[in-house]
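Residue numbers for the sequence shown follow this note's numbering, so the first one is 84 and each next one is one higher. For every residue, glycine included, the Cβ atom is placed at its ideal position computed from N, Cα and C. Notes follow once the structure below has been shown.
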Amino acid sequence: MTDGIKLILFDMDNVLCDYDRGKRVARLAELAGSTDEFVHQAIWDSGFELLGDSGTLDPVDYLRGFGERIGYPLSLGEWVEARRCSMQADRAMLEIVGQLRRTVDVAVLTNNTTLVADHIDTLLPELRPLFGAKIYTSAQFKTAKPDPLCYRLCASELKVRPETILFVDDLAANVAGAREAGLFAHHHTSVETFRQALAGHGLLREQ
């Protein structure tokens, strides 16, 4: 390892899995007897989802508020299923994780409510064998990416210094936040460029 990197910290959505929010919105709209546009505006355009991501709302208040906003008493099981149907594991990325964990530690940091971590074995069961308990949501740190504090608190939880972490995210703003927090960071756009970045850090041979 050329940079002294001891841990690779992965975002989840559109890094370790393909996430199609449209499918999730459509499922929620079907349940609520509403339109996709109404649900998207009620949850995402309104800023409500950020209240869950940042831990401003605890899981009970988040789920209740979610239902109130879409006009339907959404159950936990329905929320989980709508999230699950929008996610598909990225097999190529998970294969790389499997190779990396032989030589470095790996963990996940995703902007989400703690419900995602609590139900990850239903949502994306492929993660547990690779990451064990090191699957963190921003909400547990009471902040969210790209706030540098989010990364620093996660690093503290992992007992790893920020400068020994390589963070991987598909959003440029989150990559910038990680760098501001003192982490190495890679803007994820494809498996190929990720492999090249790892090779540049001496973490994985290019294929």
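Span of the beta strand (DSSP E) holding residue i?
i    : result
I91  : 90-93
D252 : 248-252
F224 : No beta strand (DSSP E) holds F224; DSSP gives it neither H nor E.
A190 : 188-193
Q171 : 170-172
D101 : 100-102
What residue range does the alpha helix (DSSP H) around residue i cover?
i    : result
Y145 : 142-153
Using a 10 Å radius around the Cβ and a threshold of 16 neighbouring Cβ atoms, would you call residue i buried or exposed?
i    : result
T276 : exposed
E151 : exposed
L92  : buried
A261 : buried
A222 : buried
L299 : With the chain covering only 84 through 290, there is no way to say anything about residue 299.
P245 : buried
Are the C-beta atoms of residue i and some chain C residue less than 8 Å apart?
i    : result
F214 : Within the model displayed, chain C is absent; a lone protein chain is all it includes.
Taking the alpha carbon of residue i as the point to measure from, which residue in the options has its own alpha carbon closest?
i    : options                : result
D96  : V163, D230, T193, Q124 : T193
A238 : Y219, D252, A256, D253 : Y219
Is the separation between the beta-carbon of residue i and that of residue j shorter than 8 Å?
i    : j    : result
H270 : L249 : no
T196 : I88  : no
Taking residue i and residue j to be in contact with their CB atoms under 8 Å, please state how far apart those CB atoms are, rounded to whole angstroms.
i   : j    : result
D52 : A227 : Nothing about residue 52 can be read from this structure; the chain reaches only from 84 to 290.
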